[in-house]
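Line order of the protein sequences matches chains D and W. Under the UniProt record's numbering, think of the first position of the first sequence as 1, with each following residue one higher. Under the UniProt record's numbering, think of the first position of the second sequence as 1, with each following residue one higher. For glycine and all other residues, C-beta sits at the position ideal for the given N, C-alpha and C. In this text, all values refer to a predicted model and were calculated from it rather than measured experimentally. The structure appears below as structure tokens.
2 protein chains.
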Amino acid sequence: MVETDRRRLRGEKARAGVLAHSARIASVEGLEGLTFGRLATEAGVAKGNIQVLFGDKEALQLATLESAVDLYRVAVVAPALALASPGERLRALVAGWFQFVQERSLPGGCFLTAASSEYRSRPGAIRDRVNQHRNEARERFETLAREAVAAKELPAATDPARLAFDLLAYQAIANVAASMGDAAQFTMARERSLEIVSAK
Amino acid sequence: MVETDRRRLRGEKARAGVLAHSARIASVEGLEGLTFGRLATEAGVAKGNIQVLFGDKEALQLATLESAVDLYRVAVVAPALALASPGERLRALVAGWFQFVQERSLPGGCFLTAASSEYRSRPGAIRDRVNQHRNEARERFETLAREAVAAKELPAATDPARLAFDLLAYQAIANVAASMGDAAQFTMARERSLEIVSAK
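As structure tokens, then:
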């Protein structure tokens, strides 16, 4: 292995270590609440090193967003999409989201849901990326719903766009309820969500 | 009028002027993004005067939250609750929320919906107050739904708690969609909301 490869690997490992901390901080404080100083203290790394690894604050925020989305993909999306039928994939995706939030896989719950509210009125690169992830998540639900209808796992009258919309609305309220300690609202969101993806 | 009354009135007028600016700033940047410096610049008032008027940052944040909620009460809640029947009151409350957000009465849309996400994982006085306002809004929906069922303006099978929950879930997704420029999702949220409060 040549020296530049070793150096790149060391850099990637250092970035991943810092991102694990930044995703946890930003899931509670928001991506706007993420500062090099705070991150340096929590990650136990010199502030200058974090600047070298990420560049400016926006680059750190964007890397943190991707890191949080990746964490969710590995924990929930990938295992759900490996299942045999579209109906099973859809139900696992819905149940997996609620489990991810309830278990505090990130202390603030669903990163994308929170960042959607935080950046809704702040145009720029972060909002654009948040929107891309939102659209991907919605299309994933819509596609699975359409496939589940074709496989007769959901009623023929199902409207895939409306089903995806309802699921995202329930996630939005559930993400607030979970952190507010409102178990009744969180449970209602999960039950309503599982109900609409399990209709016969 | 004695001198202390005049002074109190001047103080209240000055507070109201500053709060009009702070509610607009915080509706976009969040209550955490509100600083004495930023507010002084936008309101054209000396930073020291703002500190005298409000005290510390948390007092300013709490006053800003109340001011934004009051703005919504005057614009939407009071006229809706003045209507003759519970069904009309409920429908006006729902339609009024969507109009308030669509017209950008505050540049960031619904203050309470955004603050709910911002403070969900930050225990303290602001979260407690946000939660009180959330509960009031939910109870208002539930009570009106129960009264509308009794008045035969909604089907007897209506579950008031579930109806209130669905309305708040649609508001949560619509508040993001409105500022993201996602007209399709905003429209879907309004249609679904009006549908469930107009069922026969």
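Would residue 201(W) and serine 116(D) qualify as a contact pair, given that the criterion is a beta-carbon distance under 8 Å? The structure shown does not extend to residue 201(W), since chain W is modelled only from 1 to 200, so the question has no answer here.
According to the Cβ coordinates, are glutamine 171(W) and tryptophan 97(W) closer than 8 Å? Yes; because the gap between Cβ atoms is below 8 Å, this pair is in contact.
Compare the C-alpha of alanine 125(W) against each of Lys57(W), Arg140(W), Arg104(W), Leu106(W) and name the closest. Selected option, being the one with the closest Cα: Lys57(W).
Thinking leucine 31(D) and threonine 4(D) are a contact (beta carbons under 8 Å), I'd like their distance in whole angstroms, please. That pair is no contact at about 32 Å.
Between arginine 24(D) and chain W, is any beta-carbon pair separated by less than 8 Å? It does not: the Cβ of arginine 24(D) has no partner Cβ on chain W nearer than 8 Å.
Output needed for glutamine 102(W): all residues of its chain with C-beta closer than 8 Å, excluding positions within five of it in sequence on either side, in chain order. The answer, listed in chain order, is Ala178, Phe186.
Closer than 9 Å, Cβ to any Cβ of chain W: which residues of the stretch 157–176 of chain D, in chain order? Listed in sequence order: Ala161, Arg162, Phe165, Asp166, Leu168, Ala169, Tyr170, Gln171, Ala172, Ile173, Ala174, Asn175, Val176.
Inside the UniProt domain "HTH tetR-type" (12–72) of chain W only - beta strand (DSSP E) runs reaching at least 3 residues: List check, beta strand (DSSP E) in window: nothing returned.
Is there a Cβ of chain W sitting closer than 8 Å to that of serine 193(D), yes or no? It does not; no Cβ of chain W falls within 8 Å.
Measuring only the C-alpha atoms, how far is alanine 43(W) from methionine 180(W)? Each residue's alpha carbon lies about 27 Å from the other.
Since alanine 68(D) meets chain W, which of its residues come closer than 8 Å, beta carbon to beta carbon? Correct list: empty, because the minimum Cβ distance to chain W is about 14 Å.
First and last residue of the uninterrupted alpha helix (DSSP H) at glutamate 191(W): First-last of the alpha helix (DSSP H) with glutamate 191(W): 183–197.
Counting only the same chain and skipping the five closest in sequence on each side, list residues whose C-beta sits under 7 Å from that of proline 86(D). Its chain contains Leu144, Glu147, Ala148, Ala151, Glu153 as the residues whose beta carbon lies nearer than 7 Å to that of proline 86(D), once the 5 sequence neighbours on both sides are disregarded; these appear in chain order.
For serine 116(W), name the three-state secondary structure that DSSP assigns. Correct three-state label for serine 116(W): helix.
Against chain D, does glutamine 185(W) count as a neighbour if the rule is that its beta carbon must be under 8 Å from one of theirs? It does; some Cβ of chain D falls within 8 Å.
Name the residue from Arg120(D), Ala164(D), Arg89(D), Ser105(D) whose alpha carbon lies nearest to the alpha carbon of isoleucine 196(D). Looking at the Cα atoms, Ala164(D) is the closest of the given residues.
Please go through the same chain and pick out, in chain order, the residues whose beta-carbon is closer than 6 Å to the beta-carbon of arginine 89(W), but skip the five residues on each side of it. Apart from the 5 residues on each side of it in sequence, arginine 89(W) sits with its Cβ closer than 6 Å to the Cβ of Ala80, Leu81, Leu83, Leu144 in its chain, given in chain order.
Considering Cα atoms alone, identify which of Ser198(W), Ala137(W), Ala169(W), Ala199(W) is closest to alanine 189(W). That would be Ala169(W), whose Cα lies nearest to the Cα of alanine 189(W).
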